[in-house]
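Only one structure is covered here, and it is reproduced in the block below.
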Amino acid sequence: MTLLLALLHDMLFAAIPAVGFGLVFNVPVKALKYCALGGALGHGSRFLMMHVGVPIEWASLGGATLVGMIGVYWSQRLLAHPKVFTVAAIIPMVPGVFAFKAMIALVEINSLGYSDALWTMLINNAISALFIIAALAIGLAMPGLLFYRRRPVV
């Protein structure tokens, strides 16, 4: 029961920024519920994958791919561009904490001087942030690579 409550909590708090960024990106009002649902499903799937032991980079790829696939389906059903649904829905998975910790380590190196611990913190967090961002981009591009190709995949 605790996992279900944690999942619902995670999905609810992922839907809120998805709607907020949908408003920032001028998504039509009728499509905001799809942005919220996409953000909740993507972040929830990442949460579940991480719960079973998948690293955050691979879980982000899976969540972004799910959001991309659902966005393509909704775009065909509702006659809108897939980015209307996917871009705002993917924002809650952006690795802000990793980027923030990397920048804090960089500032501390600049003000306090070099130390192995700060350098390790900088590199670990920066690489994690870069890989997560790459996973989000690849996951969003996956439906286009699979469905909108002019040549067969194999």
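Here the working numbering is used: the sequence shown runs in plain steps of one and ends on residue 154. Using N, Cα and C, we set each Cβ at its ideal position, and we do this for glycine too.
With a cutoff of 8 Å on beta-carbon distance, H43 and P92 are scored as near each other. Annotated three-state conformation of F25 is coil, per DSSP. Per DSSP, R77 is one residue of the alpha helix (DSSP H) stretching across 56-78. Contact between S75 and G62 fails: their C-beta atoms lie close to 20 Å from each other, not under 8 Å. In the three-state reduction of the DSSP assignment, V94 falls in the coil class. L8 and T120 have their alpha carbons spaced roughly 34 Å apart. For the options L140, A135, K83, the alpha carbon positioned closest to that of N26 is the one of K83. In this model, L136 and I123 are separated by some 20 Å (Cα to Cα). In the DSSP assignment, A137 falls within the alpha helix (DSSP H) that extends over 116-147. Within 10 angstroms of the beta-carbon of N110 lie fewer than 16 other beta-carbons, which makes it exposed.
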